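In our numbering, the protein residues as written are 1 to 296.
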C-alpha cells in the first residue's frame with residue numbers, strides 16, 4: 001500500500017463526495033463525531049482538503065463499503081488502517097477498489113503500484129473491460145482533480161503515458177489480419193495530441209480482426225489524402241478533444257468529407273447533442289459495441 005504523502009492538492013467537500021461516493025453531509029458528520037479528517041479553513045471559513053485527506057477518505061470509504069462500521073474504522077491508527085486496506089485489497093475484486101487504488105498511485109507517482117494494479121485488473125477482467133470499467137472512470141476522476149488544481153502536469157503526464165504504453169503493448173500483441181475485408185485508418189487532426197481513446201479503438205478494431213492503419217497524432221489533411229489514394233480505406237476514424245469550437249469541428253469535417261468520397265467517416269465523441277451529430281453528418285458511435293458493428 002502506498003504511504004501517505006503530504007501533497008499540495010486542495011479539494012472541496014463536494015470534490016471528496018464525487019471521488020469517494022460518500023455524501024458531503026455524511027462526511028461532515030464523520031468529521032465532527034470521529035475527527036476523520038481536519039480540513040483547512042479559509043479566512044471566509046470555507047473548508048479545503050489535502051491529498052492526504054482524500055487518501056484517508058477513500059480508504060475509509062473502501063472499508064465502510066466492505067461492511068466495517070465507521071465507529072470501528074475511526075478507532076484505527078494510520079498503520080492499522082493501512083493494514084486493513086491491504087487485507088481488503090487481497091480479497092476485493094470490485095472496480096471501485098481498483099479506481100481508488102489508481103488514484104493513490106497517481107498522486108504518489110508510484111509506477112510499481114500502478115503497474116501492479118493495471119496488470120491485476122487485466123488478468124481478472126480482460127483488457128477491454130479494464131479499459132472501459134476501470135481506466136475510463138479513473139480518468140473521469142483525474143479530470144475532476146485537474147479542474148480543482150489537485151493534479152499537477154507531471155502526475156497527469158505520468159499516468160497518461162503509462163496507460164498509453166499499456167495500450168501500445170496490447171495492440172502489438174494482436175495479430176493484424178482482416179476477416180471483414182475492411183481497411184480502417186485511425187488518426188488525430190493537426191495539433192491534436194490526446195490519443196488514448198483513439199489507441200483503444202484501434203485495439204478494438206484489431207480485436208475484431210479488422211485491418212488497421214494507425215497514423216497517430218497531428219496528421220495533416222494532405223497526409224490523409226495520400227493514405228486514401230494508396231490504401232483505399234473503408235473507414236476513417238478520428239477524435240478531436242482539443243477543438244476550439246463546434247463550428248471549427250464542422251469546418252474540419254467538411255474538409256475531411258471533401259477528400260473522403262464514399263469512405264465512411266467515424267468521429268469518436270459521445271458528448272455531442274443529437275442535433276450537433278446530424279449537422280456534422282458523420283458516424284458517431286454510441287458505444288463500443290456500436291463501434292464494432294460500424295467497422296465490421
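The beta carbon of each residue, even a glycine, is placed where N, CA and C say it ideally should be. Owing to the predicted nature of the structure, the values given are computational and were not obtained by experimental measurement.
In the assembly as shown, residue 233 is a buried residue. Its beta-carbon has 16 or more other beta-carbons within 10 Å. In summary, residue 246 is exposed, with fewer than 16 beta-carbon neighbours lying within 10 Å of its beta-carbon over all protein chains present.
Rounded to the nearest whole angstrom, the CA to CA distance from residue 18 to residue 263 is 42 Å. Every unbroken stretch of the alpha helix (DSSP H) spanning 4 or more residues and falling wholly within the segment 204-251 is given here in chain order: 221-231. Annotation: residue 286 to residue 268 spans about 9 Å, alpha carbon to alpha carbon. If one requires a minimum length of 4 residues, the alpha helix (DSSP H) runs lying completely within the segment 82-155 are 95-107, 111-125, 127-130, 136-147, in chain order. In the structure shown, residue 58 adopts helical secondary structure according to DSSP, grouped into three states. By the C-beta criterion, the segment 55-63 is judged to be in contact with the segment 94-104, since at least 3 inter-stretch pairs fall below 8 Å.
In this structure the segment 182-202 touches the segment 218-233; the number of beta carbon pairs closer than 8 Å is three or more.
Note on geometry: alpha-carbon atoms of residue 103 and residue 288 lie some 25 Å from one another.
Residue 54 and residue 144 have their C-alpha atoms roughly 13 Å apart. By the Cβ rule, the segment 100-117 counts as touching the segment 129-141, because three or more pairs are nearer than 8 Å. Per DSSP, residue 70 is one residue of the alpha helix (DSSP H) stretching across 70-74. The beta carbon of residue 121 sits closer than 7 Å to those of 98, 130, 134, all from its chain and outside the five residues before and after it, given in chain order. Under the 10 Å beta carbon count, residue 30 is surrounded by 16 or more other beta carbons and is classified as buried. In the DSSP assignment, residue 39 is bridged to no other residue. In this structure, the beta-carbon distance from residue 118 to residue 166 falls below 8 Å. Take the alpha-carbon of residue 49 and the one of residue 40: they are about 6 Å apart.
For residue 291, the uninterrupted alpha helix (DSSP H) run begins and ends at 288-295, by DSSP. Residue 100 is positioned such that its CB atom lies no closer than 8 Å to that of residue 68.
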